[in-house]
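With my numbering applied, the sequence shown corresponds to residues 2 to 386, in that order.
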Amino acid sequence: MKIVKSFFLIFIAGLSCVINENCAMAQAKSNFYWFYVGTYTGAKSKGIYYGKYEPVSGKIELKGLGAQTISPSFLAVHPDNKYLYAVNESNLRGKQEGGVSAFQINQSTGELTEINQTLSGGNSPCHLTTDRTGKYLLVANYGSGTVACFKLNKTGGIGEKTAQIQHAGSGTNPSRQKGPHAHWVGLSADNKYAFVCDLGLDKILIYKFDENSGDLKPNDPSFVKLNDGAGPRHLTFHPNEKFAFVINELDSTITALEYNNGSFKTFNTVKTFPTDYNGQNSGAEIEVHPNGKFVYGSNRGHDSIVCFEFIPEKKDLQLIQTISSGGKMPRHFAITPDGNYLLAANQSTDNLVLFKLNSNTGKLTAVEEKVEVGSPVCIIFIKPE
């Protein structure tokens, strides 16, 4: 009996070790994020680059070229984190259209394998996103002012086009708004509406989205108008989905909006750079901190990141900080999923700069972590499975 009991205890101890080891391995495996960098290709860049972010240490490490592809200027990740999509902001196949490309993500190594590529439904595609179900890919084409939707197959590839809409009209800025320029596309949390920021029209276009067919139809109301000459570029939602914020490229402002079931109402607009700055500037990226307290925007020209505290009950944006982006032309930035850091992409100085983020005050502090990447224009994080 004692021998049987001893063997049983040894077996349990061994099983416990195996379980603990597997748990430790799983924990170690998941205790980091891959990040991907979209670029304009040329002498210093060949496509999508990737690296590793470790939340505990705040360390970022560039691994190398994830996939070679032409000017993947904006990226999106499938909801299941297995596939990555990129616009190709260059005419393809002798056509007056850009492209969109699909890649499979190697969860273990972070490397990418191209699945397929297709035309984007317009020229100069500059933004894309998947719908909430992961069945469709929507693309904003800046040059032609079109938005298109594509079906995604079960292996992540881009399939048939299910919708394409041509915007029409112009704005008040003669050099930038002679026609429509779709610059961002996103969906509501309930997947019922698609929104498009059109820089050329000073509007956010609103569409009903059919997740069964991938069709797009104008909503009623079909748009919300922003200030003349604003040039809405990118939009982001507050975590509670009751508010949204748009960064306007042409007049360097952020507009705050209330959102309710497919409609927007503007309520506040603030400048993104100091009043004593007299140089040229354009707004680029915008993001809300995961805790919903702070809104960040980037300035190209002033070359800075600006932070505002958002006070919902007062419907107010109060300036907290303006800090150098650590380079020139911060076209994009991304807050790490844990909310502790912000990584800025400086297009003209070919670098990524990391900032420590205080989630209580919203303030940023530059740290020593910098990475060289040619013409970086987009950053996205994913959690490996």
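Quick reminder that beta carbons are idealized off the backbone N, C-alpha and C, glycines included. The model shown is predicted, which means the values in this text are computed figures rather than measured ones.
Straight across, the Cα-Cα distance linking P126 with E369 is about 34 Å. Closest in alpha carbon position to L66, among H333, P377 and K384, is P377.
Membership of K226 in the beta strand (DSSP E) is indicated by the continuous run D216 to K226. In the three-state DSSP reduction, P313 falls in the helix class (H, G or I). Taking C-beta separations shorter than 7 Å and ignoring five residues to either side along the sequence, the partners of N282 in its chain run S253, F274, N300, R301, G302 and H303, following chain order.
If you ignore the 5 residues before and after I383, its C-beta comes within less than 6 Å of the C-beta of W35, V78 and N82, all in its own chain and listed in chain order. Here DSSP, grouped into helix, strand and coil, assigns V57 to coil. In this structure, DSSP gives S171 a state outside helix and strand, which the three-state scheme calls coil. In the structure shown, S305 falls within a strand segment according to DSSP collapsed to helix, strand and coil. The bridge partners DSSP lists for N300 are G284 and S305.
Positions of the beta strand (DSSP E) runs, each at least 3 residues long and wholly inside the stretch 181-269, are given as 183-188, 194-199, 204-211, 216-226, 233-238, 244-249 and 254-261 in order along the chain. Per DSSP, reduced to three states, the secondary structure at G48 is strand. Taking 8 Å as the upper bound for CB-CB distance, F246 and E286 are not in contact here, some 11 Å apart. When the Cα atoms are used, G146 and K243 turn out to be separated by approximately 28 Å. Each residue's CA atom was taken as its position, placing A169 and N220 some 16 Å apart. Put simply, the backbone Cα of T134 is about 7 Å away from that of P80. As the crow flies, the alpha-carbon of N117 is around 19 Å from that of Q108.
Counting other Cβ atoms within 10 Å of its Cβ, Q178 reaches 16 or more and is therefore classed as buried.
When the beta-carbon positions are compared, H290 and I321 stay at least 8 Å from each other. The distance from the Cβ of G99 to that of T70 is about 12 Å, inconsistent with a contact at the 8 Å cut-off. DSSP places Q108 in the coil class of the three-state scheme, outside both helix and strand. S72 has its alpha-carbon roughly 7 Å from the corresponding atom of S91. Sequence-distant partners of T42 (beyond 5 residues in either direction) whose C-beta falls short of 7 Å from its own C-beta, in its chain, are G48, I71 and S72. Beta-carbon to beta-carbon, L217 and A164 are separated by about 4 Å, close enough to satisfy the 8 Å threshold.
The Cβ atoms of A149 and K136 lie no closer than 8 Å to each other. Annotated three-state conformation of Y37 is strand, per DSSP. Between the stretch 257-277 and the stretch 336-351 there are fewer than three C-beta pairs closer than 8 Å, too few to call the two in contact. For F75, there is no enclosing beta strand (DSSP E), as DSSP marks it with neither H nor E. Following the DSSP letters along the chain, one finds K96 in no beta strand (DSSP E), marked with neither H nor E. Bridge partners of N117 according to DSSP: A103. The C-alpha of A44 is placed about 33 Å away from the C-alpha of T237.
Contact between the stretch 257-271 and the stretch 222-233 is established, with three or more Cβ pairs separated by less than 8 Å. The residue among L85, K371 and T323 with its C-alpha nearest the C-alpha of S102 is L85.
Sequence-distant Cβ neighbours of K96 in its own chain, meaning closer than 7 Å and more than five residues away, are L120.
Residue environment: P175 is assigned as exposed (fewer than 16 neighbouring CB atoms within 10 Å of its CB, all protein chains considered).
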